[in-house]
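Accompanying notes for the structure given below.
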Amino acid sequence: MSSTSTAPRASLLNGLVQVHGSREICDPISNMVRQQFKLGQNLYDTERVVRDYVIKTHGQSWYDMYREGVQFIIENEYINCERN
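Quick note: the sequence shown uses numbering that gives the first Met the number 0, first residue 0, plus one each step.
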């Protein structure tokens, strides 16, 4: 999940799934999900807010290309918030 080839690569191990991508992109998404959870937003509203943020910052075509990765981060982080 990188918009440029020069973005630093990092991995995040979560359960049995290892996600590779730019921490500069993944971390703001995770932080936004945690903030929305603290505000009492449900998963669907959180997905909408994060989707709008990603489209605004990276563009619709980027979101269309990396939609599954963004959704995975959102759902995984939201579930982690529910568990804790």
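Idealized CB from N, CA, C, for every residue including glycine.
Exposed unless 16 or more other CB atoms sit within 10 angstroms - verdict on glutamine 35: buried
Please name the residue in Cys80, Val48, Glu81 and Asn83 whose C-alpha comes closest to that of valine 69. Val48
Between isoleucine 78 and glutamate 46, is the Cβ-Cβ spacing less than 8 angstroms? no
Could you give the distance in angstroms between the alpha-carbon of glutamate 23 and the alpha-carbon of cysteine 80? 21 angstroms
Taking Cβ positions, are serine 29 and glutamate 67 nearer each other than 8 angstroms? no
Outcome for asparagine 83 when other beta-carbon atoms lying within 10 angstroms are tallied against a minimum of 16: exposed
Whole angstroms are fine: how far does the CA of proline 27 sit from the CA of serine 21? 11 angstroms
Does threonine 3 pass the burial test, meaning 16 or more other C-beta atoms within 10 Å, or should it be called exposed? Below a pLDDT of 50, predicted positions are generally treated as unreliable, and threonine 3, at 46, falls in that range; the measurement from the model is reported next regardless. With fewer than 16 Cβ atoms within 10 Å of its Cβ, threonine 3 is classed as exposed.
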